[in-house]
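Those letters in the sequence shown? Residues 976 to 1037, per the working numbering, in order. Glycine included, C-beta positions come from ideal geometry on N, C-alpha and C. Here the structure is a predicted model, which is why all the values come from computation and not from measurement. What follows is a short report on a single structure.
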Amino acid sequence: MHRIWLIFDPRRTLIALFAFLGVLAFTIHFILLSTERFNWLDGGDGATAGAVVDMTPLPPGY
């Protein structure tokens, strides 16, 4: 496995990998933002009262 780095330059390989992953992340986020269901910026309902009640802390001793 170590011989593969004799063929590929590690710096260029890592830069290409990070660039690809960054473009992929932006693409996924923009696709999600363009949908009605997964757009968290426009018209988010926020937390409901039931969700807040479920998140109350436990009493001492647990």
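A straight-line Cα-Cα distance of about 9 Å links Asn1014 and Ile1006. Contact between Leu1008 and Leu999 does not hold, since their C-beta atoms are separated by about 15 Å, which reaches or exceeds 8 Å. Here DSSP, grouped into helix, strand and coil, assigns Arg987 to helix. According to the DSSP assignment, Trp980 belongs to the alpha helix (DSSP H) that extends over 979-982.
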